[in-house]
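Visitor:
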Amino acid sequence: VDTLAGRLRQIKQAFRGKLRASFLLGLPAFVLLAGFIFYNTNILNAYVTKDDRNALAARYEKKYRRFENVPQPKIVDMKLNVEFFPEDRRVDIAGTYWLQNKTERTIDSLHISSDPAWDLAKLNTPDAELIFEDIEVGYHIFKLRNPLSQGDSTLMEFAISYDATGFENQVSQPRIVRNGTFFSSEVLPQIGYFADRELDEKLARQEQGLTPKQPLPPVTDMRARMHPYQFYGADWLNFEATLVTSSEQIAVAPGSLVKEWLEDGRRHFHYELEHKILNSFAFMSARYEVARDRWQDVDIEVYYHKSHNQNVDRMVSSIKNSLAYYTENFGPYAHKQARIVEFPRYVTFAQAFPGTLPYSESVGFISNVEDEDAIDFVNYVVAHEIGHQWWAYQVISGFVQGGDFLSESLSQYAALMVMEKTHGKDMMHKFLRYEMDRYLQGRGRATTPERPLLYTENQTNVHYNKGSVVMYALREYIGEERLNGALRRLIQDFAYQEPPYPTSAIFLDYIRAVTPDSLHYMLEDMFETITLYSNRMIDASYRKTNDGRFALYLTVESRKYRADSLGVETEIPVNDWVDIGVYARDKNGKENLVLLVRRKIHKAEMEFEIILDQEPTRAGIDPNYLLIDRFPNDNIKKAFSLDEDVAQTL
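Residue numbers are given in my numbering: position 157 of the sequence shown equals residue 649, and the series is strictly consecutive.
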């Protein structure tokens, strides 16, 4: 049996010659490499773990949330100078805010939140004195020498920078790169307590000694309606920015490019917006190719990486189709340009800002769209983000429950209409089935109580997926003209409105006004409750009639359930209008939906007889999946011939 001493002697004997020489030669390189890594991750940069970041966010909330409701002025005018240094992964930003007291109370102090990941070189106001500062978490309090009465204004100046020195153990600013920088206005100093910096995840909050996040205020909370949903520190503001970047790159911000020039070997771009915007925008710089087109008096631009041009024409077409439908049905487009700007796949989403849509390469630029039967997600995403130019950037909810519905669900509906006009109803129904499946899967994985669609809060499967199905179903039941008329009036009444901001409940008032009384029950089912169906085609059989037509006999089952926030379902009586569909083959053998009738289902099981000119192949209850169905796979059933059955029996 080998002893420990024996094993050590064997190792010592083996550690000779080339092995020993290789180790001794490699040891200095290993030590140097380890030292180099340590120097970059621990000396040039702080070694920061996920727990460290969570602890910092928790400290911010614990110490400063008590100031959340302290009256603060709002930004009414913003001017920025943004300098990109792509080769160094560095950005410098200098800016001024004009702040106005829009409250009825006198304001004697300014509370400013800054992003601790960015160096704060300057933060002051000529009329105030800095009396408190927490640099580590980024919280600053100024005492105003002359308190602001209602309507009074003051100036704030700042300068921040980010400079990537060496490398970190985890990149803190992955969006600032040598080619394809993209960051949003969240990095700028924010007025007051910035709730977006709070931890959201229940477990992370628990680990940091925080209670679960409180739900948003209800739609009846007038104080919450004085602030726009998810946009902090401002209502509608004036904006302009000058961007500077290297000679081979193009820098992009929202607004019209009013001036471009070359100075000291660097490119300068000055952007101005013709219309006031919310406090939400982004900046980008990269070596772009630019595709240009025009729709009426709107300049269309797509900024893309040179080798990512395969879907650019499709994007341009989608912008045109979206602008055409939305301006006709919702109201005028507010900007002189509509542009898509590509950024690398360090994040994978598309996002809307006024007149400008940052769009990840992975979401559409490098997508394979050759399969004509597949869902056209490139077209859908563009149409959805263009929809936000009305639903968010013209009409925005107050900071209450249901804010996601007013911006996201209505943008979903807008995109569905563009998709249907472009690809037809068959593609639309395929997409609706996809959306229903995503909603139902999300219900099964949910870790927070579900809310009805009208009061949804940060549940993507509700305001995106369920929102799609519900809004399309509403269009099918009350008609596109009625629905769009109500949405157009909503925009006419609330576009660019100062506080108090509208709510999803106000949306429903507009819809109720154009919905027939016989369908008012659907508004409760769709928007105000969590209502589910279990529709099933039990039997579909037919026989040929004496006059050469076909008599189709159907037995359907329809059950209806209400779910509470915990998912507990209770069956309720059904008394609903539900579609019955019949399929048949044309002369080329292609199966089509040849008949769609709406019938009143007033008990769980019912029978129908339908006379057809064509031999049916299948029949279904709610065949286009307009109703949220827990098990949609049994909605449609193959029709069998009673004549053949009799013939086989004989």
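Yeah, the Cβ is synthetic: ideal placement off N, Cα and C, and Gly gets one too.
Identify whether Gly890 lies in helix, strand or coil by the three-state DSSP scheme.
Guide: It is a strand residue.
Visitor: In the DSSP output, what is Gln592 paired with across the bridge?
Guide: In DSSP, Gln592 forms a bridge with Lys566 and Ser645.
Visitor: Residues in its own chain within less than 8 angstroms of Val574 by CB, not counting five upstream and five downstream?
Guide: For Val574, where only same-chain residues beyond five positions count, the Cβ hits under 8 angstroms are Val583, Asp584, Ile585, Ala733, Thr734, Leu735, Val736, Ala743, Ala745 and Phe775.
Visitor: Do Gly672 and Ala778 have their C-beta atoms within less than 8 angstroms of each other?
Guide: For Gly672 and Ala778, yes; Cβs fall inside 8 angstroms.
Visitor: Can you tell me whether DSSP reads Asp1121 as helix, strand or coil?
Guide: Three-state DSSP puts Asp1121 in a strand.
Visitor: With which residues is His632 paired in a DSSP beta bridge?
Guide: Paired residue(s): Ile604 and Glu625.
Visitor: His762: which of Lys768, Leu754 and Ile769 sits nearest, CA to CA?
Guide: That would be Leu754, whose Cα lies nearest to the Cα of His762.
Visitor: How close, in whole Å, do the beta carbons of Pro608 and Gly630 come, if the pair is a contact with beta carbons under 8 angstroms?
Guide: Contact flag correct, Cβ pair sits at about 4 angstroms.
Visitor: Using 8 angstroms for Cβ pairs, my map puts Lys566 next to Gly747. What's the rounded Cβ distance?
Guide: Not quite, the Cβ-Cβ distance comes to about 20 angstroms (not below 8 angstroms), so this is no contact.
Visitor: Whole angstroms is fine: what's the gap from Leu932's alpha carbon to Glu752's?
Guide: Distance between the alpha carbons of Leu932 and Glu752: 50 angstroms.
Visitor: Among Glu649, Leu647 and Ile668, whose alpha-carbon lies nearest the alpha-carbon of Thr657?
Guide: Here the closest residue by C-alpha is Ile668.
Visitor: Is it buried or exposed, Ile1103, if we count other Cβ atoms within 10 angstroms and call 16 or more buried?
Guide: Exposed, because fewer than 16 other Cβ atoms sit within 10 Å of the Cβ of Ile1103.
Visitor: Considering only C-alpha positions, which residue in the set Asp1017, Gln904 and Ala987 is nearest to His955?
Guide: Considering only alpha carbons, the answer is Gln904.
Visitor: From the DSSP output, in three-state form, read off Ser739 for me.
Guide: Coil at Ser739, not helix or strand.
Visitor: Under the assumption that Tyr1002 contacts Gly895 (Cβ atoms under 8 angstroms), give the Cβ distance between them as a whole number of angstroms.
Guide: Tyr1002 to Gly895, Cβ: 17 angstroms. No contact.
Visitor: Which residues bound the beta strand (DSSP E) around His762?
Guide: Its beta strand (DSSP E) spans residues Arg758 to Glu764.
Visitor: Return the first residue and the last residue of the beta strand (DSSP E) that Lys1092 is part of.
Guide: Element bounds for Lys1092: Glu1083 to Ile1093.
Visitor: Helix, strand or coil for Gly971, going by three-state DSSP, please let me know.
Guide: Note: Gly971 maps to coil in three-state DSSP.
Visitor: Excluding the 5 residues flanking Glu912 on each side, which residues of the same chain have their C-beta closer than 7 angstroms to its C-beta?
Guide: Once the five neighbours on either side are set aside, the close Cβ partners of Glu912 are Met920.
Visitor: Is the separation between the beta-carbon of Glu968 and that of Leu1119 shorter than 8 angstroms?
Guide: Against a cut-off of 8 angstroms, the Cβ pair of Leu1119 and Glu968 comes out as no contact.
Visitor: Just tell me which of Asp1114, Phe650 and Arg715 has its CA closest to the CA of Lys614.
Guide: Minimum Cα distance to Lys614 is reached at Phe650.
Visitor: At what residues does the beta strand (DSSP E) containing Gln904 begin and finish?
Guide: From DSSP, Gln904 is part of no beta strand (DSSP E) but of the alpha helix (DSSP H) over Leu902 to His915.
Visitor: Report yes if the CB atom of Glu1101 is closer than 8 angstroms to the CB atom of Leu1044, and no otherwise.
Guide: In contact: Glu1101 and Leu1044 (Cβ atoms closer than 8 angstroms).
Visitor: May I ask you to list the residues that DSSP assigns as paired with Lys751?
Guide: According to DSSP, which records beta bridges pairwise, Lys751 is partnered with His762.
Visitor: If we count the other Cβ atoms within 10 Å of its Cβ and call it buried at 16 or more, is Ala1176 buried or exposed?
Guide: The structure shown has nothing for residue 1176, since the chain only spans 493 to 1142.
Visitor: Would you call Arg508 buried or exposed, if buried means 16 or more other Cβ atoms sit within 10 Å of its Cβ?
Guide: Per the 10 Å Cβ criterion, exposed.
Visitor: Pick from Ala875, Tyr825, Phe857 and Phe624: whose alpha carbon is nearest that of Thr840?
Guide: Nearest C-alpha to Thr840: Phe857.
Visitor: Note down, one range per segment and in chain order, each beta strand (DSSP E) of at least 3 residues found wholly within the segment 809-869.
Guide: Fully enclosed beta strand (DSSP E) runs of 3 or longer: 829-835 and 848-852.
Visitor: Can you give me the Cβ contacts of Asn821 inside the same chain, cut-off strictly under 6 angstroms, excluding the 5 residues immediately before and after it?
Guide: Hits under 6 angstroms: Asn976.
Visitor: Contact defined as beta carbons within less than 8 angstroms: I believe Arg1051 pairs with Val1066. What is the distance between those atoms, to the nearest angstrom?
Guide: About 7 angstroms separates the two Cβ atoms, so the contact holds.
Visitor: Quick one: grab the DSSP three-state call for Asp1135.
Guide: Reduced to three states, the DSSP call for Asp1135 is helix.
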